[in-house]
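For what it's worth, numbering that gives the first Met the number 0 labels the leading residue of the sequence shown as 0, then goes sequentially.
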Amino acid sequence: MTRRFQNLIDGKWVDARSGKTFENRNPAHWDEVVGTFPRSGKEDVDEAVKAAKAAFEKWRLVPAPKRGDILRRVGDLMVARKEELARQMTREMGKVLTETRGDVQEGIDTAYYASSEGRRLFGHTVPSELPDKFNMAMRVPIGVAGIVTPWNFPMAIPTWKIFPALLCGNTVVFKPASDTPATATSLVEILMEAGIPEGVVNIVHGGGGDVGIAIVNHPDVDLISFTGSTSVGKRISEAAASTLKRVSLELGGKNAQIVMDDADLDLALEGVLWGAFGTTGQRCTATSRLILHEKVHDRFLSMLVERAGRLRLGDGLIEGVDVGPCVNEGQQKTVQEYVEVGLNEGARLVLGGKVPRTGGLEKGWFHEPTVFADVKPEHRIAREEIFGPVLSVIKIRTLDEAVTVLNNTIYGLSSSIYTASVNNAFHAIRDIKAGITYINAPTIGAEAHMPFGGVKQTGNGHREGGWTVYDFFSEWKTVYIDYSGGLQRAQIDNYDM
Ligand code: UN1
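Spelled out as structure tokens, the structure:
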């Protein structure tokens, strides 16, 4: 029997008011239904926001270390269920089991980090310009947080947002991607089991056009944290402007790995294989451009084609599979369209480019790992986010040229350079326009306790992860305590004239 999942609103598991549902299918075997989920609408969001708003008045008064204790239990429960959660995730979105285990681990790391932050959440004490007066600034909760998340990191990304939101004393209305609602439901079940009070976390399933936009427009939602495409991020920003909500956006990427002539090529090869084809290229941090120094270009390209050609496509639950399917039909089509674009622009297809039709892959949204050589920086496949297993190779002559090519995009999330020279490395660190730069490591591999985010149209200046995300989920309250017993006028009484 197919499991029928529900929304969680005010501590109760309920269907969509309309009674409508949608199916979630396994992208590696599209005839396998993972579950049915409520196709919610504005009326369900209204209920969830009402519950979250009411719950906020109690939750904001729970001491932060106590909120942290609950998140520690969340981490413990995730550890106990790691394997089960990873398998569920592979079934619903396709990436291989090693990677879904990593995704759950990223959530565990985030839980323990958030739990310890409950005993920090530092503020500032600052001298006053007046005698017998004390100044401080402290963090206070904001209110209801609308959390809208993608399918590529179905556990890690929701935890990056929900755990700090809760730790800071906010309540949550969570809309997960409709491709990964089962993992999201498991996360919410764990939060409730760990002791999160009713109404503090609510989950509303459904599409972005129905549920997502209703959350963004709702006057009682105080902040929005969204990860997804740049085009949707812009629409969210516009919609949120009418109520002046605080908005954190983590959007697209067009990340590049530079390989200089002095690089360890074997190491650089491992890096690009992992960066470009891990998660079937469906990461905002994926390596989608490879910028090769002319002196190593031909040799490295043939090493790459040889190794990438041996990557095994298949169901991510099967041992030995390297690359899973695209998440859905639409994503597979986008990849195919970009292969056409690349060919029409005159790039040279040196590997892949096709949808496999044999070998047990017929009923999944697979696409072969694909490499284009002779790509020019102005080509669309060198500038636009594809979000699939397609790598564009560009030849350069100098480090300056490599950095210029790398920066030639509207995005600025992750970047990487392989070089043995400390001078090259530091020039790259200084001149690359990206939120993250790796030296002798691939563009993927962000750790939960470090700031995560990008520049340019990858975001709007906020950072997730580490200590930085707590800035987004809390408000500064400035406090002046005058114990002089008299009226002291700032800027006036301590100056004679
Ligand atoms: C994403 O691609 O949306 O660094 C997040 C990484 C992961 C997180 C990626 N730890 O690739």
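Even glycine gets a Cβ: it sits at the ideal position worked out from N, Cα and C.
Please classify residue i: is it buried, with 16 or more other beta-carbons within 10 angstroms of its beta-carbon, or exposed?
{"i": "Met0", "result": "exposed"}
{"i": "Asn6", "result": "buried"}
{"i": "Arg488", "result": "exposed"}
{"i": "Leu243", "result": "exposed"}
{"i": "Met259", "result": "buried"}
{"i": "Ile435", "result": "buried"}
{"i": "Pro368", "result": "buried"}
{"i": "Met449", "result": "exposed"}
{"i": "Glu463", "result": "buried"}
{"i": "Gly252", "result": "buried"}
{"i": "Asn25", "result": "buried"}
{"i": "Pro62", "result": "exposed"}
{"i": "Leu248", "result": "buried"}
{"i": "Phe121", "result": "exposed"}
{"i": "Glu384", "result": "buried"}
{"i": "Arg240", "result": "The residue asked about is misnamed: residue 240 is Ala in this sequence, not Arg. Counting Cβ neighbours within 10 Å, Ala240 comes out exposed, since fewer than 16 surround it."}
{"i": "His123", "result": "exposed"}
{"i": "Gln490", "result": "exposed"}
{"i": "Ser301", "result": "exposed"}
{"i": "Val421", "result": "exposed"}
{"i": "Glu318", "result": "exposed"}
{"i": "Gly352", "result": "buried"}
Whole-angstrom Cβ separation of residue i and residue j, contact assumed at under 8 angstroms?
{"i": "Asp131", "j": "Tyr482", "result": "5 angstroms"}
{"i": "Lys160", "j": "Thr179", "result": "Lys160 to Thr179, Cβ: 14 angstroms. No contact."}
{"i": "Arg347", "j": "Phe371", "result": "7 angstroms"}
{"i": "Ser287", "j": "Leu390", "result": "6 angstroms"}
{"i": "Met92", "j": "Pro37", "result": "No, Met92 and Pro37 are not in contact; Cβ-Cβ is about 19 angstroms, not under 8 angstroms."}
{"i": "Leu270", "j": "Tyr417", "result": "The sequence shown places Gly at residue 270, rather than the Leu named in the question. Sure, about 7 angstroms apart at Cβ, within 8 angstroms."}
{"i": "Val354", "j": "Gln331", "result": "7 angstroms"}
With C-beta atoms as the reference, is residue i less than 8 angstroms away from residue j?
{"i": "Arg379", "j": "Val404", "result": "no"}
{"i": "Ala255", "j": "Ile290", "result": "yes"}
{"i": "Ser415", "j": "Pro376", "result": "no"}
{"i": "Lys57", "j": "Pro196", "result": "yes"}
{"i": "Leu310", "j": "Leu268", "result": "no"}
{"i": "Thr229", "j": "Leu186", "result": "no"}
{"i": "Ala27", "j": "Ile257", "result": "no"}
{"i": "Gly142", "j": "Phe225", "result": "no"}
{"i": "Thr333", "j": "Phe386", "result": "yes"}
{"i": "Ala193", "j": "Arg72", "result": "yes"}
{"i": "Gly168", "j": "Pro140", "result": "yes"}
{"i": "Ala419", "j": "Ile438", "result": "no"}
{"i": "Leu272", "j": "Leu166", "result": "no"}
{"i": "Phe4", "j": "Ala262", "result": "no"}
{"i": "Ala447", "j": "Tyr112", "result": "yes"}
{"i": "Ser127", "j": "Gly67", "result": "no"}
{"i": "Phe299", "j": "Leu264", "result": "yes"}
{"i": "Leu250", "j": "Gly458", "result": "yes"}
{"i": "Ile107", "j": "Val125", "result": "no"}
{"i": "Val326", "j": "Trp150", "result": "yes"}
{"i": "Ala164", "j": "Phe472", "result": "yes"}
{"i": "Val33", "j": "Asn23", "result": "yes"}
{"i": "Val246", "j": "Gly207", "result": "no"}
{"i": "Ala136", "j": "Thr477", "result": "yes"}
{"i": "Gly313", "j": "Leu360", "result": "yes"}
For residue i, which residues in the same chain have their Cβ closer than 8 angstroms to its Cβ, ignoring the five residues on either side in sequence?
{"i": "Ile214", "result": "Val44, Val48, Gly145, Val147, Val172, Lys174, Val203, Val220, Ile223"}
{"i": "Gly100", "result": "Checking the sequence shown, residue 100 turns out to be Arg, not Gly. Lys81, Glu82, Ala85, listed in sequence order."}
{"i": "Asp492", "result": "Leu129"}
Considering only residues of the same chain and omitting the five flanking positions on each side of residue i, which have a CB-CB separation below 7 angstroms?
{"i": "Ala50", "result": "Ile8, Asp9, Gly198, Asn201"}
{"i": "Lys455", "result": "Ile409, Tyr410, Gly411, Lys432"}
{"i": "Ser39", "result": "Asn6, Ala15, Val203, His204, Gly205, Asp209, Val210"}
{"i": "Gly277", "result": "Glu98, Ile443"}
{"i": "Val374", "result": "Ala346, Ile380, Ala381, Ser391, Val392, Ile393"}
{"i": "Thr308", "result": "Inspection of the sequence shows that residue 308 is occupied by Gly rather than by Thr. Result list for Gly308: Leu350, in chain order."}
{"i": "Lys94", "result": "Thr278, Thr279, Gly315, Gly323"}
{"i": "Arg306", "result": "Leu268, Leu272"}
{"i": "Asp430", "result": "Val402"}
{"i": "Leu190", "result": "Val73, Val200"}
Return the chain-ordered list of same chain residues with a C-beta closer than 6 angstroms to the C-beta of residue i, the five sequence neighbours on each side being excluded.
{"i": "Trp29", "result": "Lys362"}
{"i": "Gly280", "result": "Gly387, Pro388"}
{"i": "Thr89", "result": "Leu96, Thr99, Gly315, Leu316"}
{"i": "Lys321", "result": "One detail in the question is off: residue 321 reads as Asp in this sequence, not Lys. So the qualifying residues of the chain are Leu310, Arg311."}
{"i": "Gly453", "result": "Gly411, Leu412, Gly434"}
{"i": "Glu275", "result": "The residue you asked about is not Glu; residue 275 is Ala in the sequence shown. Excluding positions up to five away in sequence, the list reads Thr286, Leu390."}
{"i": "Glu508", "result": "The chain is shown only over 0 to 496; residue 508 falls outside these bounds and no answer can be derived."}
**Study point:** Whole runs of the alpha helix (DSSP H) within the region 209-259, excluding any shorter than 4 residues
**Key:** 212-216, 229-240
Practice item. Go through the region 91-171 residue by residue and report every complete run of the alpha helix (DSSP H) that reaches 4 residues or more, in order. Key: 96-116, 155-166
Practice item. Just list the beta strand (DSSP E) runs in the region 311-353, keeping only unbroken ones of 3 residues or longer that don't cross its boundaries, in chain order. Key: 347-350
Review point. Quick one: complete alpha helix (DSSP H) runs, 4+ long, within the region 1-61?
Key: 41-58
Practice item. Give, in chain order, every unbroken run of the beta strand (DSSP E) that is at least 3 residues long and sits entirely within the region 389-472. Key: 389-395, 413-417, 435-438
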